[in-house]
Amino acid sequence: MAAPLKFSKTHEWVREEGGGTVTVGISEYAQSQLGDVIYLELPSVGQKLESGARLGVIESVKAASDLYSPVAGEVVEVNQDLKEHPEYINDDPYGKGWVLKLKSVTAANSSLLDQAMYEDFVKGQA
Amino acid sequence: MPLQYTSIREEHLAVRQAAGLFDLSHMGELRIRGKNAQALVQAVVARDIAKLAPGRAQYTVLCNEQGGIIDDLLVYAEEDGYFLVVNASNQDGDDDWIHRHAGDTSVENIGRRTALIAVQGPLAVEIVQSLADRELGGVRYYAFVDGAVGGIACRISRTGYTGEDGFELFCGNDQALALWNMLLEHGRDRGLKPAGLGARDTLRLEAGMRLYGNDMDDRTTPFEAGLAWTVSLEKDFIGAAALRKAQQPSRLLAGAKMLDRAIPRHGYPVIHDGQPVGAVASGNISFTLGHGIAMVYAPPTLSSVGTRLAIEVRGTGAPAEVVALPFYKRSHPK
Chain X
1 MAAPLKFSKT
11 HEWVREEGGG
21 TVTVGISEYA
31 QSQLGDVIYL
41 ELPSVGQKLE
51 SGARLGVIES
61 VKAASDLYSP
71 VAGEVVEVNQ
81 DLKEHPEYIN
91 DDPYGKGWVL
101 KLKSVTAANS
111 SLLDQAMYED
121 FVKGQA
Chain V
1001 MPLQYTSIRE
1011 EHLAVRQAAG
1021 LFDLSHMGEL
1031 RIRGKNAQAL
1041 VQAVVARDIA
1051 KLAPGRAQYT
1061 VLCNEQGGII
1071 DDLLVYAEED
1081 GYFLVVNASN
1091 QDGDDDWIHR
1101 HAGDTSVENI
1111 GRRTALIAVQ
1121 GPLAVEIVQS
1131 LADRELGGVR
1141 YYAFVDGAVG
1151 GIACRISRTG
1161 YTGEDGFELF
1171 CGNDQALALW
1181 NMLLEHGRDR
1191 GLKPAGLGAR
1201 DTLRLEAGMR
1211 LYGNDMDDRT
1221 TPFEAGLAWT
1231 VSLEKDFIGA
1241 AALRKAQQPS
1251 RLLAGAKMLD
1261 RAIPRHGYPV
1271 IHDGQPVGAV
1281 ASGNISFTLG
1291 HGIAMVYAPP
1301 TLSSVGTRLA
1311 IEVRGTGAPA
1321 EVVALPFYKR
1331 SHPK
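In order, the protein sequences belong to chains X and V. Just so you know, the numbering used here puts 46 at position 46 of the first sequence, and the rest follows in order with no gaps. Add 1000 to a position in the second sequence, counting from 1, and you land on the number used in the numbering used here.
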């Protein structure tokens, strides 16, 4: 069974995959706010990211927005399918629409929210 | 009008493949009446409307004394006057401007009591026809008839802002909801979908249609904006003297297609040989073509088809090439 998702206040999600590796994506709420995703600018494998650092850009028809890394780590894989199918972010943000995987994730980021807390946070934003 | 009902992409493709339903009731409408109505319209719009027959409409611009575009609009010729369809955000300004030159001619702003619902797409004509009390096949592009759709009195105008065939239906505010629901009910089986402001923008961009405020403003001349065809310099109108001297502008609105996956957006710099030479006026993805497209201001020497340019996207020059406007032209008959 997959580990539970944790969320940043900038609407990225993280899932622990074991061995200090995590998968990162964007939340259902974020994709619904962005609308049709048409392009992503993502880092290369090997790039090291600080927690809260800009990891890339996501563009929808409406606007270009920054993506932030919810944890610190090194990029080990980028979802190549998103090049041809950026709409996976809209269709399946917690599945086919994952964005990248990070390794060497040291400490858990204590500012991340669990699903229930994140849903409350989103309600507060609406 | 919401930005989207379901998804901008779905709504865009519905209009290209079947039909979309737009609530454009925010648009402004002015009615000009009186024996000097034609002289007033001639004095304020750039195009010669003397030969515009009742039942026909033309696209043109209102200019200030400097030749800058105050608004772009459609002029409808009626039996006893003119009906102007103007941008929502400019309707009060246009009303004031025309009033200032009106003398004893009546100018009435009916925008706030007039609703506008557009049905656009290859199946739009048959959808509207199925509810109309008139034979619409003979209503040519940029022509209109006053009739009824689903029993609701409407001006039925074969115009639009999407690059597709279709109709724009003007009716009283109190009838708009009933008209909307009836069209949706009759069109749903044919693929008619409600479409929002987002799809309206991506559709009009593919069709090379200008958006006031983005592609032009009161410091842009119609020559710069590529709208020379809406200007008749042989007649007199406000701005004509300035425009006669402005026929060789130093910048032109040109079409550009992106050669990679970058998405151009309003305000991004246009670069040539490492130097900024202009800016993107409107840009986005083209869902029909599958790549980014933009209307850009560039010097005339760099605006001919085939010229390579770069558009600066977040500090990096993305390759682009000047192409002819419009980006998209419908293939099915008018």
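Glycine is no exception: its CB is placed at the ideal position from the N, C-alpha and C atoms.
- Contact residues of the region 1193-1218 of chain V toward chain X are GLY1198 and THR1202 (C-beta to C-beta distance below 8 Å).
- Shown here, LYS103 of chain X sits in a strand according to DSSP, grouped into three states.
- With a 10 Å radius around the Cβ and a threshold of 16 neighbouring Cβ atoms, GLN115 of chain X comes out exposed.
- Here ARG1265 of chain V carries a coil assignment [DSSP, helix/strand/coil].
- Under DSSP, no beta-bridge partner is assigned to THR1202 of chain V.
- The beta carbon of ASP1104 of chain V lies closer than 6 Å to none in the same chain, with the five residues before and after it left out.
- One finds ILE1263 and ILE1285 in chain V with Cβ atoms closer than 7 Å to the Cβ of ILE38 of chain X, taken in chain order.
- Each residue's CA atom was taken as its position, placing GLU1010 of chain V and LEU1227 of chain V some 31 Å apart.
- Taking a contact to require three or more Cβ pairs closer than 8 Å, the region 1064-1073 of chain V and the region 1227-1243 of chain V qualify as touching.
- By the beta-carbon neighbour count (other beta carbons within 10 angstroms, threshold 16), GLY1111 of chain V is buried.
- Contact check for VAL75 of chain X against LEU100 of chain X passes: the beta carbons are separated by less than 8 Å.
- Burial is judged here by how many other beta carbons sit within 10 angstroms of a residue's own beta carbon; GLY1121 of chain V has at least 16 and is buried.
- Between ALA64 of chain X and chain V, the shortest Cβ-Cβ separation is below 8 Å.
- The shortest CA-to-CA distance from THR23 of chain X to any of X:SER51, X:TYR39, X:ALA63 and X:VAL78 is the one to X:VAL78.
- Taking a C-beta distance under 8 Å as the contact criterion, LEU1309 of chain V and ALA1324 of chain V do not qualify as a contact pair.
- The C-alpha of GLU12 of chain X is placed about 15 Å away from the C-alpha of GLU59 of chain X.
- The alpha-carbon separation between GLY52 of chain X and ASP1023 of chain V amounts to approximately 41 Å.
- For GLY97 of chain X, no Cβ of chain V is located within less than 8 Å of the residue's own Cβ.
- Under the three-state reduction of DSSP, ILE1049 of chain V is assigned to coil, being neither helix nor strand.
- In this structure, LEU1253 of chain V places its C-beta atom within 8 Å of the C-beta atom of ALA1225 of chain V.
- The beta carbon of GLU84 of chain X sits no closer than 8 Å to any beta carbon of chain V.
- Contacts between LEU1003 of chain V and chain X, judged by CB atoms closer than 8 Å, involve GLY35 and LYS62 in chain order.
- Taking C-beta separations shorter than 7 Å and ignoring five residues to either side along the sequence, the partners of PRO1269 of chain V in its chain run PRO1276, ALA1279 and GLU1312, following chain order.
- In this structure, THR1202 of chain V and ASN1087 of chain V do not form a Cβ contact; the two beta carbons are roughly 18 Å apart against a cut-off of 8 Å.
- With respect to ILE1032 of chain V, SER1106 of chain V sits close: the two C-beta atoms are nearer than 8 Å.
- Taking the CA atoms as reference points, ALA1195 of chain V sits about 21 Å from GLY1172 of chain V.
- With contact defined as three or more Cβ pairs closer than 8 Å, the region 1159-1177 of chain V and the region 1227-1237 of chain V are not in contact.
- ARG1134 of chain V and GLY1150 of chain V do not touch by the CB rule: their CB atoms are close to 13 Å apart, not below 8 Å.
- In terms of beta-carbon proximity, VAL57 of chain X lines the interface with chain V, with at least one pair separated by less than 8 Å.
- Beta-carbon to beta-carbon, TYR1212 of chain V and ASP1071 of chain V are separated by about 6 Å, close enough to satisfy the 8 Å threshold.
- Closer than 8 Å to the CB of ILE1008 of chain V there is at least one CB belonging to chain X.
- Taking a C-beta distance under 8 Å as the contact criterion, ALA1057 of chain V and PHE1144 of chain V qualify as a contact pair.
- Closest by C-alpha distance to MET1295 of chain V, out of V:THR1288, V:LEU1289 and V:SER1303, is V:SER1303.
- If you look at LYS1257 of chain V, you'll find it in the beta strand (DSSP E) that goes 1252-1258.
- In the DSSP assignment, GLU1185 of chain V falls outside any beta strand (DSSP E) and within the unbroken alpha helix (DSSP H) covering 1173-1187.
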